[in-house]
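Asker: According to this note's numbering, the sequence shown holds residues 2 to 396 in order.
All C-beta atoms in this analysis are idealised placements derived from N, C-alpha and C, irrespective of residue type, glycine included.
This is the structure, below, for whatever I ask next.
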Amino acid sequence: MKDKILVLTPRFPYPVIGGDRLRIFELCKELAKNYSLTLVSLCETKDEMTLDIPDDGVFSNVHRVFFPKYRSYLNCVFALPSKTPLQVAYYKSHEFSKVVNRLSKDHDLVLPHLIRMADYAKDLPNKKVLEMTDAISMNYSRVCETKNNAGIKGLIYKLEKERLNRYEKQTAEKFDCNVLVSKFDKDFLFKPKTDVYEKTLVCSNGVDISKLTYEFSPNKKEIVFIGNMFSAQNFDAAMWFAKECLPLLRKNGDYKFKVIGRIKPDDEIKLNRHQGVVVTGAVDCIISHARGSIAGICSVRLAAGVQNKILEYMALGLPTITTSTGLEGLDSIPDKDIIVADSPHDFVQAILRLENDVDYAENLSVNALHYVKEYHSWSGKLAPFTAKINQIISN
């Protein structure tokens with residue numbers, strides 16, 4: 002009989018779209034090769050509660066707990082005077098806690114996904130691993146350094162930054178292992194040579210090149226940005242490019258900036274106010290929408306962890322231009338398989354060079370494909386994670 006792992010997620014992981022859903026799905030897909038997995042997930046909508054689950058063999062059992070947004074908002078209001086991070090309060094459900102406590106008694110290890118799920122597992126007697134993914138407080142610290150730090154929103158970010166940083170550090174102590182995607186995040190949170198530093202594993206993200214077929218075929222005056230626009234850092238990145246970079250680029254021709262991914266109606270309106278922006282919203286086939294573009298853009302300023310969009314651009318054959326922040330956690334080499342630009346001028350010059358020097362662009366594209374093939378297969382990146390799980394369960 003297989004050992005059993007209880008997986009806790011703040012959002013229902015199906016359909017598998019978006020960075021955090023994709024990561025936990027791939028982690029679980031690897032673990033399912035040797036373990037029986039039970040999923041316990043919060044669901045914001047009735048549709049998620051009844052959504053058919055594909056027969057992918059990942060989860061042996063699935064438990065869903067309905068938790069509408071208004072309850073989350075109330076939780077945050079009540080948490081304001083306390084020391085609890087709003088990230089954690091938002092996902093606090095007594096019903097979910099009861100389900101976890103009941104099921105944990107019959108499982109060999111508990112695996113909460115993201116710091117917001119840690120509260121449900123941190124005091125359980127089980128062996129437990131916290132899949133943190135990113136240092137969220139690092140992201141919030143960066144937000145506080147930008148123009149986004151004004152008004153009530155800015156006050157919340159500043160408040161949350163301190164609470165989260167303290168909570169992340171204290172909570173990580175209670176787990177047998179913590180997992181982050183980048184050494185930048187690990188070094189931000191923990192001091193070297195401490196116990197918590199030593200038991201924190203770095204496992205980067207991968208990319209499925211079998212689904213993202215490679216082709217270098219620039220044939221239109223277009224650059225693309227792929228990302229879930231419900232994410233604050235993605236929307237900030239797309240808006241910054243549309244506002245600061247695109248007008249400079251369009252002085253050189255009728256260039257389009259295509260933004261691909263889920264987006265709120267109000268945010269779509271804001272982006273479309275900028276001339277040359279094309280917002281697709283969620284699409285069935287990213288490949289067909291991105292194919293033929295000059296470059297894939299990763300203009301993130303606030304992000305933590307590893308940017309999946311960069312790996313996707315590389316797999317698709319799109320030359321990639323990223324900020325220094327977007328490069329964190331990756332070992333790709335600037336000017337060999339990726340371009341780094343931090344100012345509007347640098348972004349524009351990089352795009353124009355890629356368009357005008359096809360040999361240079363294709364060389365970047367080919368090198369990038371080799372990079373993701375060699376360094377970012379999911380099974381390769383997650384091998385240390387599965388090995389650590391094996392060690393913890395067998396001890």
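Among L365, R354, G381, which has the Cα closest to the Cα of Y314?
Answerer: Closest by alpha carbon: L365.
Asker: Using the Cβ count rule (16 or more neighbours within 10 Å means buried), how would you classify K194?
Answerer: Exposed is the call here.
Asker: In angstroms, rounded to a whole number, what distance separates the CA positions of D336 and D124?
Answerer: Computed Cα separation, rounded: 48 Å.
Asker: For the beta strand (DSSP E) containing K84, list its first residue and its last residue.
Answerer: Per DSSP, K84 belongs to no beta strand (DSSP E) and is neither H nor E.
Asker: When you compare the CB positions of V182 and G330, do they come within less than 8 Å of one another, or not?
Answerer: Cβ atoms of V182 and G330: closer than 8 Å.
Asker: Using only CA atoms, which one of S232, S61, K5, L7 lies nearest to V144?
Answerer: When only C-alpha atoms are compared, the closest one is S232.
Asker: Is it buried or exposed, A388, if we count other Cβ atoms within 10 angstroms and call 16 or more buried?
Answerer: Exposed.
Asker: For Y282, which residues in the same chain have their Cβ closer than 6 Å to its Cβ, ignoring the five residues on either side in sequence?
Answerer: According to the sequence as given, residue 282 is Gly; it is not Tyr. Excluding residues within five positions, the ones whose Cβ falls inside 6 Å are I264.
Asker: List the endpoints of the continuous beta strand (DSSP E) containing P113.
Answerer: Element bounds for P113: 110–113.
Asker: Mind checking which residues open and close the beta strand (DSSP E) that includes M133?
Answerer: From DSSP, the beta strand (DSSP E) with M133 extends over 128–134.
Asker: Round the Cβ separation of V1 and L104 to the nearest angstrom and send it over; I've been treating them as touching at under 8 Å.
Answerer: Outside the shown range of the chain, which is 2 to 396, sits residue 1, and nothing can be said about it.
Asker: DSSP state of S98, grouped into three classes?
Answerer: Three-state result, S98: helix.
Asker: Could you work out which residue in R72, Q234, Q171, G262 is closest to V225 when comparing CA atoms only?
Answerer: Looking at the Cα atoms, G262 is the closest of the given residues.
Asker: So G277 is in the alpha helix (DSSP H); what residue range does that whole segment cover?
Answerer: Segment: none, G277 is in no alpha helix (DSSP H) and carries neither H nor E.
Asker: For S142, which residues of its own chain have a beta-carbon under 7 Å away from its beta-carbon, when the five flanking residues on both sides are left out?
Answerer: So the qualifying residues of the chain are K162.
Asker: How would you call T321, buried or exposed, if buried means at least 16 neighbouring beta carbons within 10 angstroms?
Answerer: Counting Cβ neighbours within 10 Å, T321 comes out buried, since at least 16 surround it.
Asker: Should L43 be labelled buried (16 or more other beta-carbon atoms within 10 Å of its own) or exposed?
Answerer: Looking at its Cβ environment, which holds 16 or more other Cβ atoms inside 10 Å, L43 is buried.
Asker: Where does T46 fall in DSSP's three states?
Answerer: In this structure, T46 counts as coil in the three-state DSSP scheme.
Asker: Within 10 angstroms of its Cβ, does Y92 collect 16 or more other Cβ (buried), or is it exposed?
Answerer: With 16 or more other Cβ atoms within 10 Å, it is buried.
Asker: Should G207 go down as buried or exposed, given a rule of 16 or more other Cβ atoms within 10 Å for buried?
Answerer: With 16 or more Cβ atoms within 10 Å of its Cβ, G207 is classed as buried.
Asker: Grab me the residues of G318's own chain with a C-beta within less than 6 Å of its C-beta, minus the 5 sequence neighbours each way, in chain order.
Answerer: Hits under 6 Å: Y215, E216, F217, S366.
Asker: Please give me, in chain order, every unbroken run of the beta strand (DSSP E) with length at least 3 that falls completely inside the region 151–221.
Answerer: For the region 151–221, whole beta strand (DSSP E) runs of length 3 or above, ordered along the chain, are 178–181, 201–203.
Asker: If the criterion is Cβ atoms closer than 8 Å, does the pair D21 and T134 meet it?
Answerer: In this structure, T134 lies closer than 8 Å to D21 by Cβ.
Asker: Measure the Cβ-Cβ separation of K5 and S37 and say whether it is below 8 Å.
Answerer: Yes. Within cutoff.
Asker: Quick one: Cα of D177 to Cα of N35, how far?
Answerer: Computed Cα separation, rounded: 20 Å.
Asker: So, are the CB atoms of M118 and P11 less than 8 Å apart?
Answerer: For M118 and P11, yes; Cβs fall inside 8 Å.
Asker: Assign T323 to one of two classes, buried (16 or more other C-beta atoms within 10 Å of its C-beta) or exposed (fewer than that).
Answerer: Burial call: buried.
Asker: Are the region 368–384 and the region 351–359 in contact at 8 Å, needing three or more beta carbon pairs?
Answerer: With a cut-off of 8 Å, the region 351–359 and the region 368–384 do not count as touching, because too few Cβ pairs lie within range.
Asker: Report back the beta-carbon spacing between A362 and P219 to the nearest angstrom; my notes put them in contact at under 8 Å.
Answerer: With 8 Å as the limit, A362 and P219 qualify as a contact, their Cβ atoms being about 7 Å apart.
Asker: Near V66, what residues of its chain come up, given a Cβ to Cβ distance below 8 Å and the 5 sequence neighbours on each side ignored?
Answerer: For V66, where only same-chain residues beyond five positions count, the Cβ hits under 8 Å are V41, S42, L43, C44, S94, E96, F97, V100.
Asker: In angstroms, rounded to a whole number, what distance separates the CA positions of I137 and I288?
Answerer: So the alpha carbons of these two residues sit roughly 30 Å apart.
Asker: Among F189, F26, D120, whose alpha-carbon lies nearest the alpha-carbon of N166?
Answerer: The residue with the shortest Cα to Cα distance from N166 is F189.
Asker: Assuming contact is defined by CB atoms lying nearer than 8 Å, are G293 and R251 in contact in what I supplied?
Answerer: Against a cut-off of 8 Å, the Cβ pair of R251 and G293 comes out as no contact.
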